[in-house]
Amino acid sequence: MEVVEDDDGTPIAREPVYKTCPRDIWVDIKTSVAAQNQVSQIVNRRFNSDNLEVTMAKNRNSPTGYVINVEYCVTNLPDGSTEEPQASFETVQDTLPSTVGATVGQDQWRASRDSIPVHLNRSRKEQLQGSGDAEYAPSNDCDSNPVNYSHDWSNIPAGCALTGYPAGGSATANGTFWHWDYSEYCLITVGHTVKDPDSTYATWGNPDKSSIDGYVLDKVEELPRDYALLRTHDGDTQQRIRSGGNNPTTDFDVLGGVTDDEIQTEYLENQSQIKLQGHTSGRLSTFAVEWEGLPSETGFSRVIVDEEVCTGDSGGLIFDETDDGIGANILGMIARDDVGQTRCITAESIENAYNGFYH
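Residue numbering for the sequence shown follows the working numbering, starting at 65 and increasing by one per position.
Dropping the structure here:
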């Protein structure tokens with residue numbers, strides 16, 4: 065922590081800034097976190113396995129709005145063998161409770177939530193040749209049957225699922241991006257969901273097609289920077305946004321990106337509503353709640369919104385539609401999620417990183 069002092073060396077006092085939220089929401093979040101910790105303790109005590117991961121995700125059917133997920137991960141190794149938890153899936157399933165309850169607060173502020181669901185899911189990790197790290201490829205997301213439309217590279221719009229090749233990873237297209245150096249439309253997504261450009265597995269497209277549809281031109285995953293530039297090999301790429309819900313059509317033209325100054329004035333100070341969209345969560349209404357300007361890294365900023373995303377939403381977009389309801393301007397890209405909130409890299413940061421602009 066840096067202590068700011070005046071010319072005489074006296075610390076400069078400032079008014080403290082407090083964030084507040086409705087008490088019921090606070091109880092829901094805190095009891096869900098406590099429930100996650102309970103399940104983690106059960107898993108660690110009984111199994112002590114790196115291939116069992118306990119997470120928390122939004123679920124509208126839970127009394128708190130959150131569900132505790134336990135991922136039973138099987139790792140596919142480069143030699144064709146697999147690595148999995150020592151305990152069988154059935155043993156883990158029999159050990160875990162179907163629901164948990166938790167209590168938070170003290171005295172008159174004490175509150176409880178019961179029947180928070182616990183789900184056990186199968187998932188897969190793909191370990192690349194020559195790497196000790198495995199890439200996580202979930203078997204499902206927040207919902208038991210998430211809507212996942214994979215579009216060919218020739219017409220992939222913002223908000224659609226990107227299906228990884230050959231490992232089958234999952235992400236969301238952020239938006240089309242005109243790149244001056246290549247004089248063509250490229251595609252933006254988040255960096256942590258794609259392979260390195262110089263790896264054997266650089267392709268990121270439709271694995272059902274015999275030809276390569278596109279590939280990774282550039283990837284940055286040096287936190288907090290986290291973005292990638294993909295080549296589409298097609299001049300007919302749609303500069304549009306996929307419709308929300310179950311409709312795989314498009315409904316907005318991407319007109320451009322919103323500047324950092326506009327985000328701070330219009331969406332933070334004036335609290336204008338914005339849309340958040342990922343292929344798992346769909347399209348949600350939200351508000352900007354915090355600004356993360358990083359002065360040590362010139363030209364890079366993040367905005368935090370008060371909506372939580374799910375696995376597979378990474379790379380998605382936050383945007384605002386125009387008054388005529390025809391076009392939309394992109395504010396940024398979904399990068400990382402926190403409990404109840406999501407960090408988004410701003411559109412201006414990505415335009416600074418790559419020589420181009422959203423369109």
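Ideal Cβ placement from N, Cα and C applies to all residues, glycine included.
Fair warning: this is a prediction, and the values are worked out from it, not measured in the lab.
I'd like the span of the alpha helix (DSSP H) that includes residue i, first residue to last.
i	result
Thr159	153-159
Ser413	411-417
Could you spell out the range, first to last residue, of the beta strand (DSSP E) harbouring residue i?
i	result
Gln100	Gln100 -> not in any beta strand (DSSP E); alpha helix (DSSP H) instead, spanning 87-110.
Ser365	365-369
Cys250	248-253
Phe316	314-321
Arg306	304-306
Lys339	338-342
His243	239-243
Arg289	289-295
Tyr279	279-286
Glu333	Note, Glu333: premise wrong, no beta strand (DSSP E); not H, not E.
Thr119	116-122
Phe421	420-422
Leu348	346-350
Ile327	Segment: none, Ile327 is in no beta strand (DSSP E) and carries neither H nor E.
Thr167	163-168
Ile382	381-385
Could you give the C-beta distance for residue i and residue j, rounded to a whole number, given that I count them as a contact under 8 Å?
i	j	result
Cys250	Leu287	About 23 Å separates the two Cβ atoms, so there is no contact after all.
Arg407	Arg366	5 Å
Thr253	Gly396	Wrong, their Cβ atoms sit about 13 Å apart, outside the cutoff.
Thr314	Ile305	6 Å
Asn393	Val322	5 Å
Tyr291	Gly255	5 Å
Ala399	Ile409	5 Å
Given this structure, state the Cα-to-Cα distance separating residue i from residue j, to the nearest angstrom.
i	j	result
Asn185	Glu154	11 Å
Gln100	Thr163	11 Å
Cys374	Lys122	7 Å
Ala151	Asn133	17 Å
Gly165	Arg124	17 Å
Gln303	Ala222	8 Å
Ala98	Tyr418	42 Å
Asp92	Glu371	14 Å
Val118	Trp244	44 Å
Val182	Gln335	36 Å
Thr167	Ile368	28 Å
Ser104	Cys224	33 Å
Ile382	Thr329	16 Å
Trp217	Leu226	The predicted position of Trp217 is uncertain, since its pLDDT is 46 and thus under 50; a value taken from the coordinates is nonetheless stated next. Those two C-alpha atoms are separated by around 9 Å.
Cys137	Ser126	24 Å
Thr236	Ala352	21 Å
Taking the beta carbon of residue i as the centre, do at least 16 other beta carbons fall within 10 Å, making it buried, or is it exposed?
i	result
Tyr422	buried
Thr128	buried
Asp387	exposed
Asn238	buried
Glu354	exposed
Gln341	buried
Glu412	buried
Ser234	buried
Ile48	The structure shown does not extend to residue 48, since the chain spans only 65 to 423, so no value can be given for it.
Gly357	exposed
If distances are taken between C-alpha atoms only, which option among the options comes closest to residue i?
i	options	result
Cys385	Glu354, Asp324, Phe364, Asp317	With the sequence shown as reference, residue 385 is identified as Glu, and Cys is not the correct amino acid for it. Looking at the Cα atoms, Asp317 is the closest of the given residues.
Thr344	Asn112, Pro86, Asp377	Asp377
Thr240	Thr159, Gly169, Arg295	Arg295
Ile43	Thr95, Leu281, Ile382	Within the shown structure, residues of the chain are numbered from 65 to 423, placing residue 43 beyond reach of any answer.
Glu135	Val156, Ile382, Asp143	Val156
Gly389	Ser307, Asp260, Tyr246	Ser307
Lys259	Met120, Trp242, Val280, Ile106	Val280
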